[in-house]
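Contents: one structure, followed by commentary.
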Amino acid sequence: MTSVYVDNRVRELRTELGMTQDQLAELVGVARQSIISIEKGRFLPSIETALRLSTALHVPVERLFWIKD
Amino acid sequence: MKREFIPYYLSRAALSAIFAILVMGFTWKAVLVAILLFGLFLLYLHSGWFQIDPNHPLIPLRRDERGRQIQRNALIAAITVGLLIYLIVSQASRLFGWSLVAGPLALSLAMITYFIAQSFFLREHKYPENRQNHSMHRWINLAFSVPKRLFAQVSLVSFPDADSRN
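Chains B and X, in that order, give the protein sequences.
Using this note's numbering, the letters of the first sequence correspond one by one to residues 5 to 73.
Using this note's numbering, the letters of the second sequence correspond one by one to residues 621 to 786.
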């Protein structure tokens, strides 16, 4: 069995937009700690949350998350 | 302190005071219990562990998907610990003639396990299935995978994280 590691650029895009973790959490509808965990790659969000994140950060979801080899 | 959460603060302060008085009576210990409880309510609101719903200032705390996942893991840990304690204590009592009551002991330890596990996962925000590189988390993941698979079989509910990531 293999473990898949998904990387993301949530933090990078959020800071580019000048958004705080609190603001992003409110936009996406999750807790602030979830944003922290997602940014650190410690929590893999559901498709719904990933799509909400991509909408909030104005990028396609595939630019936000990708499978790391 | 935020103005929009004043209903939350007032209601939780009242709840803390009522609970403390009911448990401790009108003593100085009741003041300590009330302060402790109110502190926990404040912590829960401002910790960032929960999603905040400003439309419901009296009950603003919501669990998001990560929170629900943590709650589920904590529940599985609690049930596993409770069952193990019950089996061990009941068998040990029978074999060695101990006068321990397995049921209440298992229930108490299961409840304590639930709250400790939940606090641990919420605070650490790095729970087993997403942290496979770290050796400690590998062990935690392994420990979780067995009861998760067992519960998935028993309850006929699939646990994607247990099935796909291990």
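Ideal Cβ placement from N, Cα and C applies to all residues, glycine included.
Note that this is a predicted model, so its numbers are computed, not measured.
Where does the unbroken alpha helix (DSSP H) through Val10 of chain B begin, and where does it stop? As a first step, residue 10 of chain B is located in the first sequence; it is residue number 6 there, counting from the start. Premise fails: Val10 of chain B lies in the beta strand (DSSP E), 9-12, not in any alpha helix (DSSP H).
Whole angstroms are fine: how far does the CA of Gln711 of chain X sit from the CA of Leu727 of chain X? In the second sequence, the residue the question calls residue 727 of chain X occupies position 107. In the second sequence, the residue the question calls residue 711 of chain X occupies position 91. When rounded, the distance between both Cα atoms is 16 Å.
Under a three-way DSSP split, which group does Glu749 of chain X fall into? The residue given as residue 749 of chain X occupies position 129 in the second sequence. Note that Glu749 of chain X scores a pLDDT of 46, beneath 50, so its modelled location is shaky; the value from the coordinates is reported in the next line. Three-state DSSP puts Glu749 of chain X in a helix.
Alpha carbon to alpha carbon, what distance is there between Phe639 of chain X and Phe735 of chain X? Taking the first residue of the second sequence as 1, we reach residue 735 of chain X at position 115. Taking the first residue of the second sequence as 1, we reach residue 639 of chain X at position 19. Using only the alpha carbons, I get a separation of about 19 Å.
Leaving aside the five residues before and after His745 of chain X along the sequence, list all residues of the same chain whose C-beta is less than 7 Å from its C-beta, in chain order. As a first step, residue 745 of chain X must be located in the second sequence, where it is residue number 125. Low per-residue confidence applies at His745 of chain X: pLDDT is 47, beneath 50, and the placement is therefore not dependable, though the value from the model is reported in the following sentence. Nothing meets the Cβ criterion.
Nearest to Thr626 of chain X by CA position, among X:Met731, X:Ala737, X:Gly668, X:Leu662, is which residue? For the purposes of this step, residue 626 of chain X is taken as the residue at position 6 of the second sequence. The amino acid occupying residue 626 of chain X in the given sequence is Ile; Thr does not appear at that position. It is X:Leu662.
Cβ neighbour criterion (16 or more within 10 Å) applied to Arg36 of chain B: As a working mapping, residue 36 of chain B is identified with position 32 in the first sequence. Buried is the call here.
Counting beta carbon pairs with one atom in the stretch 651-671 of chain X and one in the stretch 680-695 of chain X, are three or more of them shorter than 8 Å? Short answer: they touch.
For Trp669 of chain X, go through chain B and note every residue whose CB falls closer than 7 Å to its CB, in chain order. Looking up residue 669 of chain X in the second sequence gives position 49. Scanning chain B for C-beta atoms nearer than 7 Å to the C-beta of Trp669 of chain X yields Ala35, Gln37, reported in chain order.
Decide if Val32 of chain B is buried, meaning its Cβ has at least 16 other Cβ atoms within 10 Å, or exposed. The residue given as residue 32 of chain B occupies position 28 in the first sequence. Val32 of chain B should be labelled buried.
Taking the DSSP output, what are the residues bridged to Phe625 of chain X? The sequence position of residue 625 of chain X within the second sequence is 5, counting from 1. Beta-bridge pairing links Phe625 of chain X to no other residue.
According to DSSP, simplified to helix, strand and coil, what is Phe661 of chain X? As a working note, residue 661 of chain X is residue 41 in the second sequence. Here Phe661 of chain X sits in helix by DSSP.
Tell me, please, whether the CB atom of Arg686 of chain X is closer than 9 Å to any CB atom in chain B? Sequence index remark: in the second sequence, residue 686 of chain X carries index 66 (1-based). So, interface residue.
Span of the beta strand (DSSP E) around Ile71 of chain B: Within the first sequence, residue 71 of chain B is the residue found at index 67, counting from 1. Ile71 of chain B -> beta strand (DSSP E) spans 69-72.
Suppose the cutoff is 7 Å on Cβ atoms and the five residues either side in sequence are ignored; what does the same chain contact list for Phe69 of chain B look like? As a first step, residue 69 of chain B must be located in the first sequence, where it is residue number 65. Excluding sequence neighbours, Phe69 of chain B sits near Val10, Asn12, Ala54.
Roughly how many angstroms separate the alpha carbons of Val701 of chain X and Ala730 of chain X, rounded to a whole number? For this step, residue 701 of chain X is matched to residue 81 along the second sequence. For this step, residue 730 of chain X is matched to residue 110 along the second sequence. When rounded, the distance between both Cα atoms is 6 Å.
For Arg682 of chain X, write down the residues that DSSP places opposite it in a beta bridge. Residue numbering aside, residue 682 of chain X sits at position 62 when the second sequence is read from its first letter. According to DSSP, which records beta bridges pairwise, Arg682 of chain X is partnered with X:Gln671.
Tell me which residues of the stretch 37-55 of chain B have at least one Cβ-Cβ distance to chain X shorter than 9 Å, keeping chain order. Going along the stretch 37-55 of chain B in chain order, one finds Gln37, Ser38, Ile39, Ile40, Ser41, Ile42, Lys44, Gly45, Arg46, Phe47, Leu48, Pro49, Ser50, Glu52, Thr53 with a Cβ nearer than 9 Å to chain X.
What residues in its chain sit with their C-beta under 6 Å from that of Pro724 of chain X, if we drop five residues either side in the sequence? In the second sequence, counting from the first residue as 1, residue 724 of chain X sits at position 104. Cβ neighbours of Pro724 of chain X beyond the five flanking positions: none.
Cutting at 6 Å between CB atoms, please list the residues of its own chain near Glu43 of chain B, excluding the five before and the five after it. The count along the first sequence starts at 1 and reaches residue 43 of chain B at position 39. Cβ within range, chain order: Val14, Arg15.
Going along the chain, which residues of its own chain have a beta-carbon closer than 6 Å to the beta-carbon of Val577 of chain X, five neighbours each way excluded? In the structure displayed, chain X extends from 621 to 786; residue 577 of chain X sits before or after that span and is not available.
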